[in-house]
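Here's the structure, in structure tokens; my notes come after.
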């Protein structure tokens, strides 16, 4: 079973993409694909246009870059298209993202 973290973010009161609905979609995806959610990172009421105030995302990246990670995958819901997808946490993938957040 693959250990996974989930990242939830919602910028408004749009219930279609509420953090509860995202959590449910990710749980269903995880169940169908043999993933176990071991960590949750939630930025409620945060815009996706800026990293300002998105502390959960910054913590997720920091944990993903740790030498001893708690998870091997990150599950999110793409609110533009709806489906959940998996992002491997291999260093090259996360390193370029971390650089954009000021971690590299």
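In the working numbering, the protein residues as written are 26 to 129.
Glycine included, every Cβ here is placed at the ideal spot set by N, Cα and C.
As the structure is a computational prediction, the values presented were derived from the model and not from experiment.
Of the residues assessed, residue 34 falls on the buried side of the cut-off, its CB having 16 or more other CB atoms within 10 angstroms.
DSSP places residue 65 in the strand class (E or B) of the three-state scheme. The Cβ neighbour count for residue 69, taken over all protein chains shown within 10 Å, is under 16; the residue is labelled exposed. Here the alpha carbons of residue 77 and residue 57 stand approximately 34 Å from one another. As the crow flies, the alpha-carbon of residue 28 is around 18 Å from that of residue 82. Residue environment: residue 91 is assigned as exposed (fewer than 16 neighbouring CB atoms within 10 Å of its CB, all protein chains considered).
Residue 93 carries a coil assignment under DSSP once its states are collapsed to helix, strand and coil.
Counting along the chain, the unbroken beta strand (DSSP E) around residue 34 starts and ends at 27-35.
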